[in-house]
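Q: Sharing a structure with you now.
Number of protein chains: 2
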Amino acid sequence: MWVTRRTDYATRAVLALAMAEDALNLDELAEATEAPRSVLEQVMPALRAAGIVRSVRGPGGGYRLNHPPAEVTLERVVRVFEGQLAPIGYATRQEPDPCPVIVERSLRPAWEQVRDATISILGGINFADLAEAARAEPKASVRTSARRT
Amino acid sequence: MWVTRRTDYATRAVLALAMAEDALNLDELAEATEAPRSVLEQVMPALRAAGIVRSVRGPGGGYRLNHPPAEVTLERVVRVFEGQLAPIGYATRQEPDPCPVIVERSLRPAWEQVRDATISILGGINFADLAEAARAEPKASVRTSARRT
DNA sequence: TGAATGTCTACAAAAATTGTCAATAAAGTA
DNA sequence: TACTTTATTGACAATTTTTGTAGACATTCA
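Quick mapping for you: the protein sequence lines, in order, are chains X and S.
Take the first sequence: its letters are residues 6 to 154, numbered as in this note's numbering.
Take the second sequence: its letters are residues 6 to 154, numbered as in this note's numbering.
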């Protein structure tokens with residue numbers, strides 16, 4: 006449960022932009038993501054500063070992706086708000102916190118495995134795939150159970 | 006960075022017990038784990054309630070593992086303090102929080118992958134392995150770089 | 001009885017999270 | 001130019017989580 010609400014909203018917003026034809030403004034993003042508009046007012050400029058989206062001000066303005074959806078990974082978006090993806094301070098890639106030697110040899114490698122798996126999964130998912138999955142019809146199994154009822 | 010200090014202390018304490026011949030009392034555990042004794046006073050009873058350690062009161066008392074170290078997984082200890090291991094509320098196995106349909110089809114499966122990888126890794130590591138790794142000498146590569154300096 | 005130990009509960013301080021708001025800047029249009 | 005629409009910025013308050021401490025108590029042994 007370590008993904009904060011802001012991170013979640015950010016990924017939803019990027020997904021919405023990946024699915025949209027043209028630009029979306031803050032009100033449209035708030036509706037699409039089910040996020041408070043006032044929070045998106047903080048989230049979107051952060052995504053912009055990170056080079057993930059670009060914005061246009063004034064009437065008809067809004068946000069759009071700064072790159073093709075296939076080139077934006079989930080890892081990239083998550084990192085803007087979460088920073089290090091290691092589950093604990095002594096297992097980060099950059100400047101890990103110090104820890105006892107015994108921990109260094111045992112628990113640290115364990116958490117590094119979790120870290121690497123997380124990075125690998127998030128780095129392997131892009132917003133073209135996510136947008137496609139989001140558009141897909143409900144799966145057969147879901148329809149089947151609906152028919153049963 | 007989602008592993009809390011208490012969880013970390015708990016895993017260190019179980020590791021210390023897995024490496025110890027006989028029982029360790031709170032003072033010894035505090036020294037071995039580099040955790041405040043007052044925090045272990047809360048952590049150890051929780052481990053006991055979870056059936057991971059057992060305790061003996063009175064002079065000569067202390068804690069020991071309730072099962073062979075090989076039978077205690079890291080997942081089991083972590084779950085006592087973290088509960089659900091999903092990175093976000095709508096990707097838990099039990100009673101996930103509701104989320105928009107679009108998220109349900111795209112981001113949720115992504116986070117479920119992270120959840121499953123985490124559980125798989127933590128469930129595959131036991132405290133016999135951790136204790137062995139903790140006892141091991143520094144690796145050759147480490148000595149080599151030390152010689153260079 | 002007294003010393004050594006674990007148990008329980010309440011709590012306070014600090015930190016992180018979540019959301020709101022008001023003031024401002026920029027761009028388009030009449 | 002004046003007005004409207006939109007993004008930008010920074011400060012902030014409320015809430016929740018985390019972290020650690022402390023005191024009163026229970027149990028066991030010598």
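C-beta atoms are modelled at their ideal positions from N, C-alpha and C, and glycine is treated no differently.
A quick note: this is a predicted structure, and the numbers were derived from the prediction, not measured.
Check whether the Cβ of residue 40 of chain S sits closer than 7 Å to any heavy atom of the ligand MG, and report yes or no.
A: For the structure depicted, the ligand MG is absent and the ligand set is empty, with no information on it obtainable.
Q: What ranges does the alpha helix (DSSP H) occupy inside the stretch 90-154 of chain S, keeping only unbroken runs of at least 4 residues that lie completely in it?
A: 106-110, 112-128, 132-140 and 145-153
Q: Expressed to the nearest angstrom, what Euclidean distance is found between the alpha-carbon atoms of residue 134 of chain X and residue 19 of chain X?
A: The alpha-carbon atoms of residue 134 of chain X and residue 19 of chain X are separated by roughly 12 Å.
Q: Taking 8 Å as the limit between beta carbons, can you name the residues of its chain near residue 14 of chain X, skipping five residues before and five after?
A: 38, 40, 44, 45 and 48
Q: By Cβ distance, which residues of its chain are closer than 7 Å to residue 97 of chain X, with the 5 residues on each side in sequence left out?
A: 89 and 91
Q: Does the stretch 99-113 of chain S come within contact of the stretch 100-114 of chain X, defined as at least 3 CB pairs closer than 8 Å?
A: no
Q: Give every residue of the same chain whose Cβ lies closer than 8 Å to the Cβ of residue 139 of chain S, excluding the five residues on either side of it in the sequence, and list them in chain order.
A: Excluding its 5 nearest sequence neighbours in each direction, residue 139 of chain S has C-beta neighbours in its own chain below 8 Å: 20 and 24, listed in chain order.
Q: Suppose contacts are defined by Cβ-Cβ distances below 8 Å. Is residue 58 of chain S in contact with residue 52 of chain S by that definition?
A: Yes, they are a contact pair.
Q: Quickly, what does DSSP pair residue 14 of chain X with across the bridge? List them, please.
A: Answer is none; residue 14 of chain X lacks a bridge partner.
Q: Which residue wins for smallest C-alpha separation from residue 66 of chain S, given the options S:33, S:77, S:115 and S:86?
A: S:33
Q: Can you give me, in chain order, the residues of the stretch 25-55 of chain X that have a beta carbon less than 9 Å from any beta carbon in chain S?
A: 37, 38 and 39
Q: When the Cα of residue 70 of chain X is compared with those of X:29, X:99 and X:83, which residue comes out closest?
A: X:29
Q: Please classify residue 5 of chain S: does DSSP put it in a helix, a strand, or coil?
A: With chain S covering only 6 through 154, there is no way to say anything about residue 5 of chain S.
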